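**Q** Have a look at this one before I ask anything.
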């Protein structure tokens, strides 16, 4: 099997093509021929050693994969050879609250991930691919789409008529836009580029704020709600945007903390959380039950993921560099087969 490994240290220079023996599925295991894998910021951080500097190497990165089952081990009943499937990010998190064990079962670190032409997974760790999606589209769902769904629906309790504030136009934010629109919510989205704001409006965003020309975007968001504040912020920026998110949300509102694009360390502003009776929730992607509910909703509404660009397997480094540039809109995909 062909793979890319992080080997002999971290950094894009340490992401190298390699070969490993084809795996043989054991009891309750399924072998998936990977057709496509998408990139998350987590994957870039893992390659660069910023996500877990103590991660054991070599490691096959990438949290998301989609492909076709080509062999199953004894006892497998959930899937059969020929079935199209997507990988579950936390392989043992099937429903309910997460556990330490679930945190230790995530693909692309600590477990080998999807940047390979073959994966060996437990039968519980795969989810059927919606028939209307291509493999490239399906590969974008396991992390970004499930994260957005968990933030807004499974853990967020989004209601029709609520106002959500989304940051940027990366994978999670664009999926959150599509989900919020599907749920009947009002959508405010921030970006550094007016052309991206226009594309977001074409997808259903109601208002856009350019945070370069309007650095006080929190005040602008409150103004758009008549001074009340938004009901829900999908916070992907991290330390550099968190305090403004707290100021943008209404009393009793929710801030879902997902990303650390502007840094993961910073002073915790407790007073606005306390005085605003805010709910601040961390989102670790989501469980299989949530993924399956998302797929039913996407299928019902025929929602197609926004794929920015598809790279070939040999262009893997260029795909990571494109992600690092921040120029993308939606998801970046690597076609494996």
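Numbering (my numbering), first residue to last: 2 to 338. Glycine is no exception: its CB is placed at the ideal position from the N, C-alpha and C atoms. Computed from a predicted model, the values in this text were never measured in an experiment.
As an exercise, report each continuous beta strand (DSSP E) stretch of at least 3 residues that is fully enclosed by the region 120-179, in chain order.
**A** 127-129 and 164-168
**Q** Can you tell me which of the three DSSP states residue 93 falls into?
**A** The residue you call residue 93 lines up with position 92 of the chain shown. Residue 93: coil per DSSP, three-state reduction.
**Q** Can you give me the C-alpha to C-alpha distance between residue 263 and residue 251, rounded to a whole angstrom?
**A** For the purposes of this step, residue 263 is taken as the residue at position 262 of the chain shown. For the purposes of this step, residue 251 is taken as the residue at position 250 of the chain shown. Residue placement at residue 263 cannot be trusted, given a pLDDT of 47 that sits under 50; what the coordinates show is reported in the next sentence. Residue 263 and residue 251: Cα-Cα distance of roughly 23 angstroms.
**Q** Looking at the ligand FMN, does it come within less than 7 angstroms of residue 207, judged from the CB to the closest heavy atom?
**A** As presented, the structure is devoid of all ligands, the ligand FMN included, so that no description of it is given.
**Q** For residue 284 and residue 314, which I take to be in contact (beta-carbon distance under 8 angstroms), what is that distance rounded to the nearest angstrom?
**A** Counting from one through the chain shown, the residue named residue 284 turns up at place 283. Counting from one through the chain shown, the residue named residue 314 turns up at place 313. Rounded, the Cβ-Cβ distance is 30 angstroms, inconsistent with contact.
**Q** Taking the alpha-carbon positions, what's the residue 202 to residue 231 distance?
**A** Indexing the chain shown from 1 puts residue 202 at position 201. Indexing the chain shown from 1 puts residue 231 at position 230. Spanning the two alpha carbons is a distance of roughly 18 angstroms.
**Q** Which of helix, strand or coil does DSSP assign to residue 300?
**A** Along the chain shown, one-based indexing puts residue 300 at 299. Note: residue 300 maps to helix in three-state DSSP.
**Q** Less than 6 angstroms between C-beta atoms, sequence neighbours within five positions excluded: which residues of the same chain meet that for residue 91?
**A** Walking along the chain shown from the start, residue 91 turns up at place 90. Hits under 6 angstroms: 103, 106 and 107.
**Q** Are the region 152-162 and the region 51-66 in contact at 8 angstroms, needing three or more beta carbon pairs?
**A** no
**Q** For the beta strand (DSSP E) holding residue 104, just list the boundary residues, first then last.
**A** As a working note, residue 104 is residue 103 in the chain shown. Residue range 101-104 is occupied by the alpha helix (DSSP H) that includes residue 104, with no beta strand (DSSP E) assigned at that position.
**Q** Would you mind giving the Cβ-Cβ distance between residue 89 and residue 128, rounded to the nearest angstrom? I have them listed as a contact below 8 angstroms.
**A** Reading the chain shown from its first residue, position 88 is the one you call residue 89. Reading the chain shown from its first residue, position 127 is the one you call residue 128. Yes, they are in contact, since the Cβ atoms of residue 89 and residue 128 sit about 6 angstroms apart, within 8 angstroms.
**Q** With a 10 Å radius around its C-beta and 16 neighbouring C-beta atoms as the bar for buried, classify residue 191 as buried or exposed.
**A** To locate residue 191, count along the chain shown from 1; it is residue 190. Result: buried.
**Q** Determine the burial state of residue 241: buried for a count of at least 16 other Cβ atoms within 10 Å of its Cβ, exposed for fewer.
**A** Translated into positions along the chain shown, residue 241 becomes position 240. Result: exposed.
**Q** Take residue 126 and list the residues in its own chain whose beta-carbon comes closer than 7 angstroms to its own, dropping the five residues that flank it on each side.
**A** Here residue 126 refers to the residue found at position 125 when the chain shown is read from its first residue. Closer than 7 angstroms at Cβ, skipping near neighbours: 88, 89 and 92.
**Q** Looking at C-alpha atoms only, which residue of 212, 218 and 236 is the closest neighbour of residue 228?
**A** Numbered from its first residue, the chain shown carries residue 228 at position 227. When each option's Cα is compared against that of residue 228, the closest is 218.
**Q** Which same chain residues end up closer than 7 angstroms to residue 318 when comparing Cβ atoms and leaving out the 5 residues on each side of it in sequence?
**A** Working through the chain shown from its first residue, we reach residue 318 at position 317. Only 13 and 16 meet the Cβ criterion.
**Q** Look at the alpha carbon of residue 119 and the alpha carbon of residue 35, and state the distance between them as a whole number of angstroms.
**A** Mapped onto the chain shown, residue 119 falls at position 118. Mapped onto the chain shown, residue 35 falls at position 34. Roughly 5 angstroms between the two C-alpha positions.
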